[in-house]
Amino acid sequence: MDPQTSNAESKRCSIKKRTCLLFADGFRQETLLLIKNSIPLIFNNFSQTFLPIVSLFFCGHIGPNELAAVTLANTFINIGSFSTLVGLSSACDTLFPQLFGGMDKKKLGSVLQKAIILSILSCLPTCGILLNVKNIMALFIREKIIIQLADRYIVIFLPSILFYSIYIILQKYVLSQNIFYPILYINIVVNLLNVAFHGFFISYLGLGIDGGAISVVLSIFLNLTFLLLYIWMSKLYQQTWSGWKIDCLYDWNDYLKLALPGFAMLFFEWTNFEIGVIASGKLGRDQISVMSIGIQTIYIAFMIPLGIATAANIRIGQLLGQNLPSKAKYSCKIGFLIAFASSLMTGMTILIFSNHIPLAFTKDPFIIKNTTSQLKFIAFAHLLDALQGYGGGVLKATGLQFYGFLMVTLSFYGVGIPVGIYLLLKTDFQVTGYWMGFVTAAIILLVMQGLFIHRIDWIKNAQKAFDRSLEKPFKSATSELRDVNEAHEMVLQKPSKKNLIEKISICLTLFGIFVCLLLSRNLVR
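For the sequence shown, this note's numbering assigns the number -7 to the initial residue and increments by one for each residue that follows.
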């Protein structure tokens, strides 16, 4: 056989092997499983996203001041509260799936209690901060009427933060057990009610943006109520819940080691967009609206890869909890392919409908024209945003939030945001210039994530997750006393006064911060 024929045969064999690998049973099964789990999560994300966006739709058609005010209010609500709540709950993204996939599922209930307590406590400082953001707005926004309207919207909105702090934890609790559709059905019902509330309070009663805030508060309250009813009536808690116990006051450090870096990672990621809105305020009301519509568009589009990332997060976490590292790694790769394909199609959709999307938010010809040109660039930015979002989901599944935080900080705050603000304020690119900075940061972040995930020790992470599900509560307090009799060990495991005093001190400190911020709102005029 001549060399050319031999090379041709070798290439055909290589292609055949790759094709067989690509369409192997394991590939098809894992792909179908991730897609099946992603679909309800994607629609669930969409339904949750539309709660505040409906306010933009209704208030935007009242007038440009109302559109800008609700945009600013949502910006600071996202920075000041939702980013904190969702970020701290990222510890649940790691622990819930791993513990549910592990041997002792009752440990999931113990972690759930800690998560709820810490999430509620975090509402105190965040609400206090939101009560004072009008002073921050005054540094960037020229129109006082917009500041006043935004502040009113935020004050009315505050009760929903408490409701959401519990809801976000319970939602992750249910999803970690591979239960997806009930939450989707609840969100669909609540979204329909949300539209009805907006129509009643804004269009019928004429309450303006006050009606928008009231509508969202009622909707989030119903979200929480319906979810609690489902958990109670379905009895899905029986496998993981053993009642409220004093255990929830122990080992907060273990939870916070994942929660705080996760919060920082998400906070710096979200504030990247919100900084763009605040900076665009220097260019006037219309540019705020242009930036807002662009952000809302990419945010809605991001719900698709976010659903895929969440499905992969749960799947990878459960496989790690079962000590199956090779399957977890394989699922990670397949999820990336699905995220890439879906985001490519979504980006093309944004590009095709770039002339029509602005019409959903406003009738102003100037805003529509500028937003259309911006969306053509955002179509490409979405692809990068989707892939780095999926990478962040993998890092959370493996408990590596701290490294994700470092990568986000370096890429966006070291490069992307400075470049974006310069192009926004100092060049004719204006709002599109900020998106250029975003794309630069996203490319850097994506490269760092890819290199880091490639070097993950899956075997070590799987063993760690498996061991976590087998650990006994208060292991650190009793590891050196294994030979002591059982009665003495039980005494050591009882809550100490010092431990309770520490937790009470934390609660009082957070409450004190809230009171100080509340007083400062009334003192600073």
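From the three backbone atoms N, C-alpha and C, an ideal C-beta is built for every residue, glycine too.
**Request:** Express the C-alpha separation of residue 402 and residue 269 in angstroms, rounding to a whole number.
**Result:** If you number the sequence shown from 1, residue 269 lands on position 277. If you number the sequence shown from 1, residue 402 lands on position 410. Looking at the two C-alpha atoms, the distance is approximately 21 angstroms.
**Asked** Which of helix, strand or coil does DSSP assign to residue 468?
**Response** Reading the sequence shown from its first residue, position 476 is the one you call residue 468. Note that residue 468 scores 39 on pLDDT, short of 50, meaning its location in the model is unreliable; the coordinates nonetheless yield the value given after this. In the structure shown, residue 468 sits in a helix (DSSP, three-state: H, G or I).
**Asked** Among 259, 425, 432, 33, which residue has its Cα nearest to the Cα of residue 407?
**Response** The sequence position of residue 407 within the sequence shown is 415, counting from 1. Of 259, 425, 432, 33, the residue nearest in Cα terms is 432.
**Request:** Give every residue of the same chain whose Cβ lies closer than 7 angstroms to the Cβ of residue 125, excluding the five residues on either side of it in the sequence, and list them in chain order.
**Result:** Position 133 of the sequence shown, counting from 1, holds the residue named residue 125. Here the set comprises 68, 72, 146.
**Prompt:** Are there three or more Cβ pairs, one per stretch, closer than 8 angstroms when the stretch 308 to 321 is compared with the stretch 449 to 461?
**Reply:** yes
**Request:** Take residue 102 as the anchor and find which of 116, 84, 450, 113 has the nearest alpha-carbon.
**Result:** Position 110 of the sequence shown holds residue 102. Among 116, 84, 450, 113, the Cα nearest to that of residue 102 belongs to 84.
**Asked** Do you know offhand how far residue 375's Cα is from residue 278's?
**Response** The residue labelled residue 375 in the question sits at position 383 within the sequence shown. The residue labelled residue 278 in the question sits at position 286 within the sequence shown. Approximately 27 angstroms between the Cα atoms of the pair.
**Asked** Between which two residues does the alpha helix (DSSP H) harbouring residue 82 extend?
**Response** What you label residue 82 is simply residue 90 of the sequence shown in a count that begins at 1. From DSSP, the alpha helix (DSSP H) with residue 82 extends over 82 to 93.
**Request:** State yes or no: is the C-beta of residue 437 within less than 8 angstroms of the C-beta of residue 400?
**Result:** If you number the sequence shown from 1, residue 437 lands on position 445. If you number the sequence shown from 1, residue 400 lands on position 408. Taking 8 angstroms as the Cβ cut-off, residue 437 and residue 400 qualify as a contacting pair.
**Request:** Confirm, please, whether the CB-CB distance from residue 166 to residue 214 is below 8 angstroms.
**Result:** For the purposes of this step, residue 214 is taken as residue 222 along the sequence shown, with counting starting at 1. For the purposes of this step, residue 166 is taken as residue 174 along the sequence shown, with counting starting at 1. Their beta carbons are not under 8 angstroms apart, which means residue 214 does not touch residue 166 by this criterion.
**Message:** How far does the alpha helix (DSSP H) with residue 320 in it extend, from its first residue to its last?
**Reply:** Here the question's residue 320 lines up with position 328 in the sequence shown. Taken as a continuous stretch (DSSP letters only), the alpha helix (DSSP H) holding residue 320 covers 317 to 344.
**Request:** Entirely within the stretch 156 to 234 and at least 4 residues each: give me those alpha helix (DSSP H) ranges in chain order.
**Result:** 173 to 190, 201 to 226
**Message:** Give me, in chain order, the residues of the same chain whose beta-carbon lies closer than 6 angstroms to that of residue 458; leave out the 5 immediate sequence neighbours on both sides.
**Reply:** Here residue 458 is taken as the residue at index 466 of the sequence shown, counted from 1. Excluding sequence neighbours, residue 458 sits near 315.
**Asked** Are the stretch 196 to 211 and the stretch 45 to 52 touching, with three or more C-beta to C-beta distances below 8 angstroms?
**Response** yes
**Prompt:** Should residue 447 go down as buried or exposed, given a rule of 16 or more other Cβ atoms within 10 Å for buried?
**Reply:** Along the sequence shown, one-based indexing puts residue 447 at 455. Exposed is the call here.
**Asked** Buried or exposed: where does residue 295 fall if 16 or more other Cβ atoms within 10 Å of its Cβ makes it buried?
**Response** Taking the sequence shown and counting its residues from 1, one reaches residue 295 at position 303. Buried is the call here.
**Asked** Within 10 angstroms of its Cβ, does residue 357 collect 16 or more other Cβ (buried), or is it exposed?
**Response** By 1-based counting over the sequence shown, the position of residue 357 is 365. By the 10 Å Cβ count, residue 357 comes out exposed.
**Request:** For residue 323, I'd like the list of residues in its chain whose CB is within less than 8 angstroms of its CB, leaving aside the five on either flank, ordered along the chain.
**Result:** Along the sequence shown, one-based indexing puts residue 323 at 331. 22, 26, 304, 307, 308, 311.
**Asked** Considering only residues of the same chain and omitting the five flanking positions on each side of residue 58, which have a CB-CB separation below 8 angstroms?
**Response** Position 66 of the sequence shown, counting from 1, holds the residue named residue 58. So the list reads 51, 52, 141, 200, 201, once near-sequence residues are dropped.
**Asked** Rounded to a whole number of angstroms, what is the C-alpha to C-alpha distance between residue 345 and residue 237?
**Response** Taking the first residue of the sequence shown as 1, we reach residue 345 at position 353. Taking the first residue of the sequence shown as 1, we reach residue 237 at position 245. So the two alpha carbons sit approximately 53 angstroms from each other.
**Prompt:** With 16 as the cutoff for other CB atoms within 10 Å, does residue 377 come out buried or exposed?
**Reply:** For the purposes of this step, residue 377 is taken as residue 385 along the sequence shown, with counting starting at 1. With 16 or more other Cβ atoms within 10 Å, it is buried.
**Request:** Grab me the residues of residue 371's own chain with a C-beta within less than 6 angstroms of its C-beta, minus the 5 sequence neighbours each way, in chain order.
**Result:** As a first step, residue 371 must be located in the sequence shown, where it is residue number 379. 339, 342, 343, listed in sequence order.
**Prompt:** If you run the structure through DSSP and keep just helix, strand and coil, what is residue 123?
**Reply:** By 1-based counting over the sequence shown, the position of residue 123 is 131. In this structure, residue 123 counts as coil in the three-state DSSP scheme.
**Assigned exposure category for residue 300 - 16 Cβ within 10 Å defines buried** = Against the sequence shown, residue 300 aligns to sequence position 308. When all chains shown are included, residue 300 counts as buried.
**Request:** Tell me whether residue 66 sits in a helix, a strand or coil according to DSSP, three-state version.
**Result:** In the sequence shown, the residue the question calls residue 66 occupies position 74. Helix, per DSSP.
**Request:** Check each candidate in 35, 19, 18, 20 and name the one with the smallest Cα separation from residue 298.
**Result:** Within the sequence shown, residue 298 is the residue found at index 306, counting from 1. That would be 35, whose Cα lies nearest to the Cα of residue 298.
**Request:** Note down the Cα distance separating residue 287 from residue 265, rounded to an integer number of angstroms.
**Result:** For this step, residue 287 is matched to residue 295 along the sequence shown. For this step, residue 265 is matched to residue 273 along the sequence shown. Their Cα atoms are separated by approximately 7 angstroms.
**Prompt:** Do the stretch 187 to 198 and the stretch 123 to 138 meet, that is, are 3 or more Cβ pairs less than 8 angstroms apart?
**Reply:** no
**Prompt:** Do the stretch 386 to 396 and the stretch 420 to 429 touch if we need at least three Cβ pairs shorter than 8 angstroms?
**Reply:** no
**Asked** On the three-state DSSP scale, how would you describe residue 97?
**Response** The residue given as residue 97 occupies position 105 in the sequence shown. Reduced to three states, the DSSP call for residue 97 is coil.
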